[in-house]
Amino acid sequence: MSFNLPKLPYAANALEPVISEKTINFHYGKHHQAYVSNVNNLIVGTAFENATLEEIILHADGGIFNNGAQVWNHTFYFMQFSPDGCKEPKDELKAAIEKKFGSFEAFRDAFSKAAATLFGSGWAWLVINTDGELEIVQTSNAGNPMRDGKKPLLTCDVWEHAYYLDKQNARPQYIADFWKILDWKVISERFAE
Ligand code: MN
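If you count by the numbering used here, then the sequence shown holds residues 9 to 201, one letter each, in order.
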């Protein structure tokens, strides 16, 4: 299977000032594209030649896992943003967050802490775990919670390439601004699937 870079549902400058057009052009246009090109090249002649990205995440290792998972992770990340999206969870997802974390604000603080304290490169996630409960998890490098049987709902990319052009070393500022561009309609649809 050959993978393509998915088209973004917004213009490259639509998330400014939170994420600049320059960052989109590098993070999506160069990094995400490179993961797509790399996995397409690496799977040729292997057991993963006709695999889906989900199959690669569950079963591959090494470069095929790293690049395939990064394609999936970045698509999942970029598709959850909108310049004029729903700013807070509603209905069943809101109730589930309040049940697990006490309030939306408490959830936001706990998720932000997970994103800020992840050492090095990786991702913070809100997932549904194998007990069917909401959980905040961290993964390093290209890691994806599906590998542990968990269903991703929301993610924050804390690789430096996600924020360095806009915020330099200020990862906490990137995380604080991240909440302004999330579209909770997208995240609610993932929860309901
Ligand atoms: Mn990234």
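Where is the CB? At the ideal position from N, CA and C, for every residue including glycine. For clarity, every value in this text was computed on a predicted model and none was experimentally measured.
Identity of the residue in the options nearest residue i by Cα
i                 : options                           : result
leucine 134       : Asn149, Gly128 and Leu101         : Leu101
leucine 142       : Ala59, Pro160, Ala170 and Tyr182  : Pro160
leucine 162       : Thr138, Lys188, Ala132 and Gln181 : Ala132
isoleucine 51     : Gly76, Thr31 and Gly110           : Gly76
proline 17        : Glu106, Gln146, Phe86 and Arg179  : Phe86
phenylalanine 11  : Ser28, Glu29, Glu24 and Asn58     : Asn58
tryptophan 80     : Ile64, Ser90, Asp92 and Cys94     : Ile64
glycine 37        : Pro14, Cys94 and Trp167           : Pro14
alanine 114       : Trp167, Ile144, Glu201 and Ser148 : Ile144
glutamate 201     : Glu168, Ile136, Asp191 and Ser148 : Ile136
isoleucine 183    : Asp165, Asp99, Lys30 and Pro91    : Asp165
alanine 22        : Pro97, Glu168, Gly140 and Pro91   : Pro91
phenylalanine 112 : Arg179, Gly140, Lys95 and Leu66   : Lys95
Counted within 10 angstroms of its Cβ, other Cβ atoms place residue i as buried (16 or more) or exposed
i             : result
histidine 82  : buried
aspartate 156 : exposed
alanine 19    : exposed
valine 44     : buried
glutamine 78  : buried
alanine 170   : buried
alanine 103   : exposed
lysine 175    : buried
proline 153   : buried
glycine 70    : exposed
histidine 40  : buried
threonine 54  : exposed
alanine 150   : buried
glutamine 181 : exposed
glycine 128   : exposed
glycine 130   : buried
histidine 35  : buried
alanine 178   : exposed
proline 97    : buried
Residue i beta carbon near ligand 3 (any heavy atom closer than 7 Å)
i           : result
alanine 170 : Among the ligands modelled here, namely ligand 1, ligand 3 does not occur.
Residue i: CB within 7 Å of a non-hydrogen atom of ligand 1
i             : result
aspartate 165 : yes
histidine 67  : no
Would you call the region 194–201 in contact with the region 106–124, where contact means no fewer than 3 C-beta pairs closer than 8 Å? No: fewer than three Cβ pairs fall under 8 Å.
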